[in-house]
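For reference, the structure is listed below as structure tokens.
2 protein chains.
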Amino acid sequence: MVKARKVAIDISLVRNLPLFRDMQPEALTRLMARAGAHRVAQGETVFEQGAQATAFYLLLHGRLKVTQVTPDGQQVMMRVVHPGDLFGFARALARPDYPGTARAAVDSIVAGWPMSDWDTVVESNPRLAINALQTIGQRLDEAHTRLREMSTQEVERRVAHAVLRLAEKAGRIEGGGTRIDFPITRQDIAEMTGTTLHTVSRLLSGWEARGLVEGGRQKLTVIDAGALARIADPAG
Amino acid sequence: MVKARKVAIDISLVRNLPLFRDMQPEALTRLMARAGAHRVAQGETVFEQGAQATAFYLLLHGRLKVTQVTPDGQQVMMRVVHPGDLFGFARALARPDYPGTARAAVDSIVAGWPMSDWDTVVESNPRLAINALQTIGQRLDEAHTRLREMSTQEVERRVAHAVLRLAEKAGRIEGGGTRIDFPITRQDIAEMTGTTLHTVSRLLSGWEARGLVEGGRQKLTVIDAGALARIADPAG
DNA sequence: CCGCTTCTTTGCGTTCGCTCAACGAGCCGG
DNA sequence: CCGGCTCGTTGAGCGAACGCAAAGAAGCGG
């Protein structure tokens with residue numbers, strides 16, 4: 000990651016984020032003034048699993064993949080960070096280190112604060128505390144959703160759900176469908192759904208033959224979201 | 000659940016909880032004064048999935064199981080609530096309803112606050128906000144751990160992990176082992192690990208034959224935690 | 001333009017864990 | 001004390017998904 004540069008971050012970029020809702024404009028200005036802007040080139044990391052947590056971040060532009068590696072070397076993708084998301088606030092979880100690795104899927108820009116700012120920032124911005132609580136709460140909700148899926152659904156449904164979520168969170172209209180707007184491999188999707196790239200490849204091939212999606216090297220376009228949704232949720 | 004009774008809750012019961020660490024004693028006293036104490040008999044619920052979230056709670060005594068039911072009727076156990084745990088703070092997650100059902104595994108006592116207190120309580124107790132953030136953070140960490148396990152480990156390892164966690168969180172020394180201190184069925188364990196009661200039963204039978212655990216109707220005692228840990232983590 | 005690397009596809013055999021089924025055992029209420 | 005309910009055990013068969021293997025694309029760098 001490129002060294003921090005104290006750049007004035009345009010408040011208008013962030014004032015509408017849920018995280019900063021109902022905050023005093025002056026407080027927000029003060030907060031952003033303490034942040035450093037960093038550029039992260041595709042493939043580079045913002046922080047790595049196990050490293051001491053020295054800063055927390057807000058993604059301003061781009062897309063990150065956060066992965067964890069198990070003791071026996073298997074990789075799991077915990078989440079995709081989208082613009083406007085807070086990430087790497089390990090200290091808020093009372094952890095001394097980062098639990099995962101954040102790697103830029105495309106060239107990205109992040110705002111970073113020294114971790115030591117966290118407590119004072121939260122204590123002097125009670126509104127931010129409540130919003131941060133909601134943000135983590137939503138994260139928890141997502142994790143529970145994935146747990147529920149992993150516990151009860153077969154692989155095809157899980158992959159369908161994952162693809163639909165990606166299309167919703169990171170979709171860009173393109174021709175006849177919704178293209179996932181950053182490079183993503185079958186391996187990535189496998190790591191998000193707890194399966195193997197082989198199974199994902201087979202499923203996507205099958206769907207492509209039926210005209211539900213269009214694949215390609217590191218890319219994926221959803222053509223028939225309705226049909227996918229029916230695979231993800233046969234009942235509703 | 001028995002109707003709330005405004006009972007003075009002994010501060011000494013809660014002052015040492017991580018959630019209330021570094022809080023002013025007066026603030027804590029004020030906070031607890033607003034709480035109502037409820038008794039919940041075994042098998043009764045504190046709240047049910049989908050019900051409007053009108054209150055948030057702290058478990059003072061006993062043990063709760065929090066489950067979610069999927070649209071197609073499958074049940075998943077999201078967590079066990081232990082004494083000292085905050086639960087049911089759906090509003091903090093910006094949710095209008097409870098995402099799961101909290102049912103008493105044994106006769107329990109909970110402290111409850113009207114949900115409308117949440118924002119004011121957090122805003123006037125910044126220290127509590129930080130602690131609550133950490134509490135949810137740990138919850139998120141646990142969820143991620145389970146996701147990692149579900150993604151990469153076979154059933155036997157997952158069940159071993161779950162049993163060890165239960166023994167640690169809710170174990171009581173008894174004779175030659177550590178007895179899990181509340182009634183738990185094979186079905187429960189299956190719902191915690193994403194498998195079926197049949198598989199759990201087979202595994203526990205196998206372990207019992209090897210002298211690692213002792214089973215029984217709604218009970219489970221860990222005899223050889225070391226051997227179980229080796230099943231859970233063959234490497235380390 | 002060529003060679004290498006990374007990503008993807010596809011076939012085949014295997015297996016883990018599920019489903020179905022039946023029975024056994026503990027506990028409670030009448 | 002007996003009947004019924006819930007919980008637990010165990011067997012047999014099956015199938016979804018994995019592991020292994022090999023060969024094709026697509027992109028990148030020299």
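Order-wise, the sequence lines are chains A and B.
FYI, in numbering that gives the first Met the number 0 the residues of the first sequence are 0 to 235.
FYI, in numbering that gives the first Met the number 0 the residues of the second sequence are 0 to 235.
Virtual Cβ for every residue (Gly too), placed ideally from N, Cα, C.
Whole angstroms are fine: how far does the CA of residue j sit from the CA of residue i?
i, j, result
"residue 217 of chain A", "residue 201 of chain A", "15 Å"
"residue 234 of chain A", "residue 136 of chain A", "28 Å"
"residue 41 of chain A", "residue 206 of chain A", "29 Å"
"residue 142 of chain B", "residue 50 of chain A", "21 Å"
"residue 179 of chain B", "residue 204 of chain A", "47 Å"
"residue 127 of chain B", "residue 164 of chain B", "27 Å"
"residue 21 of chain B", "residue 198 of chain A", "51 Å"
"residue 15 of chain B", "residue 158 of chain A", "44 Å"
"residue 28 of chain A", "residue 73 of chain B", "48 Å"
"residue 236 of chain B", "residue 147 of chain A", "What is shown of chain B runs 0 to 235, which leaves residue 236 of chain B out entirely."
"residue 224 of chain B", "residue 193 of chain A", "28 Å"
"residue 129 of chain B", "residue 93 of chain A", "10 Å"
"residue 11 of chain A", "residue 226 of chain B", "57 Å"
"residue 34 of chain B", "residue 112 of chain B", "5 Å"
"residue 105 of chain B", "residue 181 of chain B", "7 Å"
"residue 183 of chain A", "residue 125 of chain A", "38 Å"
"residue 84 of chain A", "residue 117 of chain A", "16 Å"
"residue 43 of chain A", "residue 145 of chain A", "27 Å"
"residue 219 of chain A", "residue 70 of chain B", "28 Å"
"residue 213 of chain A", "residue 123 of chain A", "49 Å"
"residue 211 of chain A", "residue 211 of chain B", "50 Å"
"residue 168 of chain A", "residue 134 of chain A", "16 Å"
"residue 175 of chain B", "residue 151 of chain A", "36 Å"
"residue 13 of chain B", "residue 172 of chain B", "24 Å"
"residue 187 of chain B", "residue 196 of chain B", "8 Å"
"residue 189 of chain B", "residue 38 of chain B", "28 Å"
"residue 9 of chain B", "residue 232 of chain B", "42 Å"
"residue 177 of chain B", "residue 215 of chain B", "14 Å"
"residue 65 of chain A", "residue 78 of chain A", "5 Å"
"residue 185 of chain A", "residue 208 of chain A", "17 Å"
"residue 228 of chain B", "residue 228 of chain A", "40 Å"
"residue 82 of chain A", "residue 82 of chain B", "38 Å"
Considering only their Cβ atoms, is the gap separating residue j from residue i smaller than 8 Å?
i, j, result
"residue 89 of chain B", "residue 98 of chain B", "yes"
"residue 55 of chain A", "residue 149 of chain A", "no"
"residue 166 of chain A", "residue 221 of chain A", "yes"
"residue 170 of chain B", "residue 103 of chain B", "no"
"residue 86 of chain B", "residue 101 of chain B", "yes"
"residue 131 of chain A", "residue 132 of chain B", "yes"
"residue 155 of chain B", "residue 230 of chain B", "yes"
"residue 108 of chain B", "residue 32 of chain B", "no"
"residue 75 of chain A", "residue 63 of chain A", "no"
"residue 139 of chain A", "residue 139 of chain B", "yes"
"residue 120 of chain B", "residue 18 of chain B", "no"
"residue 48 of chain A", "residue 23 of chain A", "no"
"residue 52 of chain B", "residue 95 of chain B", "yes"
Does residue i come out as helix, strand or coil in the three-state DSSP assignment?
i, result
"residue 190 of chain A", "helix"
"residue 158 of chain B", "helix"
"residue 149 of chain B", "helix"
"residue 106 of chain B", "strand"
"residue 171 of chain A", "strand"
"residue 225 of chain B", "helix"
"residue 17 of chain B", "helix"
"residue 78 of chain B", "strand"
"residue 144 of chain B", "helix"
"residue 134 of chain B", "helix"
"residue 198 of chain A", "helix"
"residue 183 of chain B", "coil"
"residue 208 of chain A", "helix"
"residue 93 of chain A", "coil"
"residue 126 of chain A", "helix"
"residue 178 of chain A", "strand"
"residue 234 of chain B", "coil"
Quick one: which residues of the segment 119–140 of chain A get their C-beta closer than 7 Å to a C-beta of chain B? List them in chain order. 121, 122, 125, 128, 129, 131, 132, 133, 135, 136, 137, 138, 139, 140
Contact residues within the segment 153–180 of chain A, judged by C-beta distance below 8 Å to chain B: Flagged: no residues at all.
Beta strand (DSSP E) segments (min. 3 residues) lying fully within the segment 19–73 of chain B: Counting only runs of 3 or more, we get 35–39, 44–46, 54–68.
If contact means a Cβ-Cβ distance below 7 Å, which residues of the segment 72–94 of chain B contact chain A? 73, 75, 77, 91, 92, 93
Listed in chain order, which residues of the segment 47–70 of chain B have Cβ atoms closer than 8 Å to some Cβ of chain A? Within the segment 47–70 of chain B, the qualifying residues are 67, 69, 70.
Short of 7 Å Cβ to Cβ, which residues in the segment 187–202 of chain B face chain A? 193
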